[in-house]
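K.L.:
Here you go, one structure.
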Amino acid sequence: MRSNATRFRANPATDCPLLHSRVTPFPPAQTGDHILQKVEELIDWLADDKVGRLYAAVLVVALYFAFQTATLPLLGLWAGNGVNIDDAEQLIYLPHLAAGYGGSQPPLYNWIAWTISQGFGTSIVSLKLVRYVLLFVGFAATHAAMRKLGYKQVTAAAAMFGLMTVPLLFWEAQHSLTHSVAAFAFCAVTLLAFANLVQVRTPLAYAGFGLAAALATLAKFNDVLMLGALLSAAMTVRAYRPALVSPWILLSMAVFVLVLTPTTVWSYYHSDAIFARISKFGIADDDDGMIGVRGEGLFKIIYATASFSMVTLVVYVLGFVWKRSFPRGQDAFDAPRDKLLERALLIGLLAVLLLVVASGSTSLRNRWLLPVLFLLPLYLAARMERLGEFGREVQRFVIALAVVIALLVTPFTWYAQLMGGEGKSRTARLDFQELYHDLRATGPVRTILGSSSWVGNFRLAESDLVLLNPEVPELKDLLQDPAVLMWLDEDQPDPALIEILRRADYELSSQTGTLIGKEQFGSASGRRIYFARLHKRPRLNAVRDCRLYPSARPQVSTRAGGSMPSAHRRASALPS
């Protein structure tokens, strides 16, 4: 991407060349060379320069995420709609600070969301701020870790911008993921803490590494894959091994255990919440055919790895093709830092392979590989450093293409904010202010139990509501009267919801109300939403039934439970 024209630079220490270069007229024949020259200067500025004490590359990433944090909530407010299903789940838990939550996820993302909401209130701004702060932490920590390991600034910039070529990190993470965003951020922080540890080896560094490792585990449980791969790789590198066999590593372990203890204790007493989604792993019985099951699992690993890394690999291939030449030789890729990245990546993938084969899992999503495969852009950037000037040109190409990707992705993130996505996230298009007004017109509401997390959007209409989904632990203790059950599309609720209510000593009114939700950018007829009032089951009858008929399942009453002054009211006997 270098032109043959003589290059000139603006102030290399502080200035962006596009902002501070003098404007002079150019003949038409020279316009193309002038534009190319400016692009070259911008890339060099991103690759090498600083603005004050901050690297230009990190500053640009920070400005991009700040821009997205500001614009996406404004779009949501303008459209008057809700948020996707992942953010809606956060709205359910937002008022509560606990050692654990439902959904088979650790609590760190919820803690951060709760903390930010204390300062910014319950709003789309708070939700976006959590997401983009964590994304910036991950990107900045990646850059800092590469520098701390001893790589050149252009390599660190290429590694950080290379993360933008991962669709999961720069597309999905901007509109649909929550805990996986935290997983990436704290994996990068853990790598940075380890790089600092092997460099300074002070008690504070050991404590910091233990804290980072614990936070990564609290971000997402599968971050232990990255932690195990990193430590295993470090033990194979002679230069890093002494740091891990030092007595001070016990301090890291102590901090790690101390930070994890509250959530570990909570998980022990709420194992049903921890394993609520274990079915998503698709673990098959050996009766289904051991070879076939393992073969399917292996195929899923290959597919997930390819879908995660394909764009990144294509970008690097294009960088090689663009140069139209290949290096005749390269420096040996045998520095301790190189071995660490390479071996951590390989060990992590091997660990995933062994887990899938041993468990018989037949389902593997690419985001589950995030704690391991986020190392791929770092590894590729490090590889390029060993190719001398050729590698530097490829790194500059990656930086340039990543900037283009960021610009192209931005309007699609706006579209995703407005449309919400497909499936459950389609509920983001609903006007929840109007829905809540219509629901209140049928009678007072304190608690809304939803068929899934979509009901979390009602917190944007009324922050004091008790909002629950079937995965909320201790649902019985949280449910407050007056309460309603809400579900979508089907005229009958899921029988599993009826069973959950029965265990909570509640029953449904026999009358079902209907609301028509106005769907932004959707069907003109709106979306049909059903609800039914909840009533406490007579406690005396429930106890008597259990004593007389311990093996019998109590039946949900179908008595009419009072009128519903809804314009869309209709009566229907609900199944027990």
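Numbering of the sequence shown is given in the working numbering, commencing with residue 34 and proceeding in unit increments. We put the beta carbon where it would ideally sit given N, CA and C, even for glycine.
My assumption, with CB atoms under 8 Å, is that F169 sits in contact with A95. Please give the rounded CB distance.
P.N.:
With 8 Å as the limit, F169 and A95 qualify as a contact, their Cβ atoms being about 6 Å apart.
K.L.:
Buried or exposed, going by whether 16 or more other CB atoms sit within 10 Å of the CB of K509?
P.N.:
It counts as exposed.
K.L.:
Only counting runs of 4 or more residues, tell me where the alpha helix (DSSP H) segments fall wholly within the region 166-207, in order along the chain.
P.N.:
If we require 4 residues or more, the alpha helix (DSSP H) runs fully inside the region 166-207 come out as 186-195, 200-203.
K.L.:
On the DSSP bridge assignment, give the partners of A516 in chain order.
P.N.:
The partner list for A516 (beta bridge, DSSP) reads T480, L567.
K.L.:
Ordered along the chain, which non-local residues of its own chain (more than five positions away) have a Cβ less than 6 Å from that of P106?
P.N.:
Excluding residues within five positions, the ones whose Cβ falls inside 6 Å are I157, V158, K161.
K.L.:
Could you say if the region 464-480 and the region 543-554 meet the contact criterion of at least three C-beta pairs nearer than 8 Å?
P.N.:
Yes, they touch.
K.L.:
For the region 488-501 against the region 438-458, do three or more pairs of beta-carbon atoms, one drawn from each stretch, fall closer than 8 Å, so that the two count as touching?
P.N.:
In short, these stretches do not touch, since the Cβ pair count stays below three.
K.L.:
Within 10 Å of its beta-carbon, does S304 have 16 or more other beta-carbons around it, so buried, or fewer, so exposed?
P.N.:
S304 should be labelled exposed.
K.L.:
Please work out which residues of its chain come closer than 6 Å, Cβ to Cβ, to V427, disregarding the five sequence neighbours upstream and downstream, and give them in chain order.
P.N.:
Cβ within range, chain order: G352, M417.
K.L.:
Can you tell me which residues form a DSSP beta bridge with R560?
P.N.:
According to DSSP, which records beta bridges pairwise, R560 is partnered with G550.
K.L.:
Exposed or buried, L127, counting other C-beta atoms within 10 Å across all chains shown (16 or more means buried)?
P.N.:
Buried, since its Cβ has 16 or more Cβ neighbours within 10 Å.
K.L.:
Considering only DSSP beta bridges, list what Y88 is partnered with.
P.N.:
DSSP, once it has assigned bridges, lists K83 as partnering Y88.
K.L.:
Going by the beta-carbon positions, is the gap between A252 and A215 smaller than 9 Å?
P.N.:
The answer is yes: Cβ separation under 9 Å.
K.L.:
What are the boundary residues of the beta strand (DSSP E) that includes L225?
P.N.:
Segment 212-233 is the alpha helix (DSSP H) holding L225; no beta strand (DSSP E) there.
K.L.:
Do you know how far the Cα of P140 is from the Cα of S484?
P.N.:
Those two C-alpha atoms are separated by around 22 Å.
K.L.:
So A249 and T223 are in contact, right, with Cβ under 8 Å, and what is the actual spacing, rounded?
P.N.:
Right, their Cβ atoms sit about 5 Å apart.
K.L.:
With 16 as the cutoff for other CB atoms within 10 Å, does A474 come out buried or exposed?
P.N.:
The residue is exposed, with fewer than 16 neighbouring Cβ atoms inside 10 Å.
K.L.:
Have a look at V350 and P404 and give me their C-alpha separation to the nearest angstrom.
P.N.:
Each residue's Cα considered, the two are about 24 Å apart.
K.L.:
Along the chain, which unbroken stretches of the alpha helix (DSSP H) at least 4 residues long are found entirely within the region 240-275?
P.N.:
Correct list: 256-268.
K.L.:
Do the region 74-90 and the region 431-446 meet, that is, are 3 or more Cβ pairs less than 8 Å apart?
P.N.:
At 8 Å Cβ cutoff, the stretches touch.
K.L.:
Within this structure, are the beta carbons of A415 and M193 separated by less than 9 Å?
P.N.:
Cβ atoms of A415 and M193: not closer than 9 Å.
K.L.:
Is the distance from the Cβ of L167 to the Cβ of F203 below 9 Å?
P.N.:
Not closer than 9 Å, so no.
K.L.:
Count the other CB atoms within 10 Å of the CB of A103; is the residue buried (16 or more) or exposed (fewer)?
P.N.:
By the 10 Å Cβ count, A103 comes out exposed.
K.L.:
Quick one: is N399 buried, meaning 16 or more other Cβ sit within 10 Å of its Cβ, or exposed?
P.N.:
By the neighbour-count rule (16 or more Cβ atoms within 10 Å), N399 is buried.
K.L.:
Please go through the region 425-500 and give each complete beta strand (DSSP E) segment of 3 or more residues, from N-terminal end onward.
P.N.:
Qualifying beta strand (DSSP E) stretches, in chain order: 480-483.
K.L.:
Do the CB positions of L196 and F366 come within less than 9 Å of each other?
P.N.:
The answer is no: Cβ separation not under 9 Å.
K.L.:
Could you say which of G183, G381, I334, S150 lies nearest to L264 if we only look at CA atoms?
P.N.:
Checked all of G183, G381, I334, S150; the closest Cα to L264 is G381.
K.L.:
Have a look at T547 and L482 and give me their C-alpha separation to the nearest angstrom.
P.N.:
The alpha-carbon atoms of T547 and L482 are separated by roughly 15 Å.
K.L.:
Would you report the Cα separation of W299 and V72, rounded to the nearest angstrom?
P.N.:
Roughly 54 Å separates the two Cα atoms.
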